[in-house]
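UniProt numbering applies: residue 1 is where the sequence shown begins, and numbers increase by one. All C-beta atoms in this analysis are idealised placements derived from N, C-alpha and C, irrespective of residue type, glycine included. Below is one structure, written out as structure tokens, with a few remarks after it.
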Amino acid sequence: MTTVYDFSVKMTNGEIKSLKEYEGNPLIIVNTASKCGFTPQFKGLQAIYEKYKDQGLVILGFPCDQFNNQEFANIEETTQFCQVNYGVTFPMFAKIDVNGEKADPLFTFLKEEKRGLLSKNIKWNFTKFLVDSQGQVVERYAPTVDPSRMEQDVKKLFS
Numbered sequence: 001m002t003t004v005y006d007f008s009v010k011m012t013n014g015e016i017k018s019l020k021e022y023e024g025n026p027l028i029i030v031n032t033a034s035k036c037g038f039t040p041q042f043k044g045l046q047a048i049y050e051k052y053k054d055q056g057l058v059i060l061g062f063p064c065d066q067f068n069n070q071e072f073a074n075i076e077e078t079t080q081f082c083q084v085n086y087g088v089t090f091p092m093f094a095k096i097d098v099n100g101e102k103a104d105p106l107f108t109f110l111k112e113e114k115r116g117l118l119s120k121n122i123k124w125n126f127t128k129f130l131v132d133s134q135g136q137v138v139e140r141y142a143p144t145v146d147p148s149r150m151e152q153d154v155k156k157l158f159s
């Protein structure tokens, strides 16, 4: 059975990182954008990360420019923006596509595992996927869902 841990992703420096490094850790995987109306969700994601990282939770952020070009062209600008404005310390990765022919294989898998309300495609920035410590996708959250509303589901992964 395929899990999230079977995928590799590109880091901001261009190196490839296997998600096997996170095996045994619950994850929140999110497509992000720095110039989006939902960008303040970085603050809520960081709060959840800080609260549960010592229990093993990892948040993986994937900048995406597919929705109205709301991401910086330069990945260094993106990571600096996230750190300076929202205190983001969870891992951020290289900019990717989440839909279409060039969609990152990780996001193709996530969308197959948990479809959206009307389709499997990601509709906007800050679509969030909750993954258990076995690498299985347990929930998908719409961009409009504030990260604080995910906390009850995150807590269940530790009980």
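DSSP, read as helix, strand or coil, puts L106 in helix. Taken in chain order, the whole alpha helix (DSSP H) runs of length 4 or more contained in the UniProt domain "Thioredoxin" (1-159) are 41-52, 75-86, 105-113 and 151-156. Contact between F129 and K114 is confirmed by a C-beta separation of about 6 Å, below the 8 Å threshold. Counting only the Cα atoms, F7 lies some 13 Å from M1. When the Cα atoms are used, E71 and F93 turn out to be separated by approximately 13 Å. Inclusion of D132 and V138 in the CB contact set at 8 Å is warranted, their separation being smaller than that value.
Separation of the CB atoms of V30 and G61 is rounded to 6 Å, and the pair is thereby assigned contact status at 8 Å.
Your pair Y22 and V58 checks out as a contact, with CB atoms roughly 5 Å apart and the cut at 8 Å.
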